[in-house]
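Worksheet for the structure shown next.
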Amino acid sequence: MLAIVGLLSIEFDLFHFAHQLTEAERRVSLVEAIALTLLLGGCIAAFIHRRVRELHRDAEKRAALDREMCELREQAMRDPLTDLANRRAVLSRLNELDTRTDGAQHAFFLLDLNEFKQVNDRYGHAAGDTVLQVVAERFRRVARPADLLARLGGDEFGILAYDVDRMGAEAVGARFIAVLENKIWVEGVGHDVGVSVGAVLIPDDGTTAKEIMANADIAMYRAKNVDRSALIFFCDIKVSPETQPRVAG
Numbered sequence: 303m304l305a306i307v308g309l310l311s312i313e314f315d316l317f318h319f320a321h322q323l324t325e326a327e328r329r330v331s332l333v334e335a336i337a338l339t340l341l342l343g344g345c346i347a348a349f350i351h352r353r354v355r356e357l358h359r360d361a362e363k364r365a366a367l368d369r370e371m372c373e374l375r376e377q378a379m380r381d382p383l384t385d386l387a388n389r390r391a392v393l394s395r396l397n398e399l400d401t402r403t404d405g406a407q408h409a410f411f412l413l414d415l416n417e418f419k420q421v422n423d424r425y426g427h428a429a430g431d432t433v434l435q436v437v438a439e440r441f442r443r444v445a446r447p448a449d450l451l452a453r454l455g456g457d458e459f460g461i462l463a464y465d466v467d468r469m470g471a472e473a474v475g476a477r478f479i480a481v482l483e484n485k486i487w488v489e490g491v492g493h494d495v496g497v498s499v500g501a502v503l504i505p506d507d508g509t510t511a512k513e514i515m516a517n518a519d520i521a522m523y524r525a526k527n528v529d530r531s532a533l534i535f536f537c538d539i540k541v542s543p544e545t546q547p548r549v550a551g
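Below, the structure written as structure tokens:
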């Protein structure tokens, strides 16, 4: 804008000066003034064009940087082996629930694989990793689209099921148990891998992420003592002093 104002000021001064000259001088001065005006206009146009290109390149760089940062944040919330969400993502979602006041009911499930240690010990970590990937894929098939499915670490998985009451939570948990009833085959060897599930109703049995995870661990540990593949709700057990959760938060 300042460049345009300056250009107009120059034009005004040149034409004002032209009125004080002879006819011949005026014609020469007018041609010179027009040439100078065109030259300045071309310079300004070139400057604007160059500046627009620079701004466009800067915008592209910022967009690329934003995409890279978004990808890094996404990777920080994913489990690299199974491509599921990880523990950090689960804790983040649980903390979000703690701030909601809509009165909705939810459920969190802590799933721990049975007989997985034997697979690792006998057939090696490569076979164990394959089993975890197959389990993750089976869980994906039965998970509801809106729910958060995660691998928490080792052979533990978690599901945050939104907008479910006790009856709905029982149905969700039962699907994850049923999907592991068939053997998992790795290099010609069939592995019987069941799952013990501890469930917490939110907000009735926990509100903070730390409380929900701890109570789910207590329920899951009880499920392991009940049956090879069992679903236990925290609200159905009486916590004794000797019962200690393995997950602190």
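Residues in the sequence shown are numbered consecutively from 303, following our numbering. Note that CB positions come from ideal geometry on N, CA and C, so glycine has one too.
By the neighbour-count criterion, in which a residue is buried when 16 or more other Cβ atoms sit within 10 angstroms of its Cβ, Arg395 is buried.
Distances from the CA of Phe441 to each of Phe418, Gly475, Asp423, Ala471 were compared; the closest alpha carbon is that of Gly475.
Comparing alpha carbon positions, the residue from Met379, Asp506, Ile479 closest to Asp494 is Ile479. For Val502, the secondary structure class from DSSP, reduced to helix, strand or coil, is strand. Proximity of the region 398-417 to the region 484-500 meets the contact definition, three or more beta-carbon pairs being nearer than 8 Å.
When the Cα atoms are used, Val354 and Ala409 turn out to be separated by approximately 53 Å. Its Cα nearest to that of Val392, the residue Leu462 stands out among Ala406, Leu462, Asp538. Judged by DSSP secondary structure, Ala409 falls within the beta strand (DSSP E) whose first and last residues are 408-415.
Secondary structure of Arg442 (DSSP, three-state): helix. Between the beta-carbon of Leu386 and that of Glu458 there is about 12 Å, and that puts the pair past the 8 Å contact cut. From the listed residues Val502, Asn527, Ala452, the smallest Cα separation to Cys537 is found for Val502. A straight line joining the alpha-carbon of Ala518 with that of Ala361 spans about 47 Å. C-alpha of Arg468 to C-alpha of Gly508: approximately 14 Å in a straight line. Per DSSP, Phe536 lies in no beta strand (DSSP E) segment and is marked neither H nor E.
Taken in chain order, the complete alpha helix (DSSP H) segments of 4 or more residues contained in the region 459-522 are 468-480.
Straight through space, the alpha carbons of Ala448 and Leu357 are spaced by roughly 40 Å.
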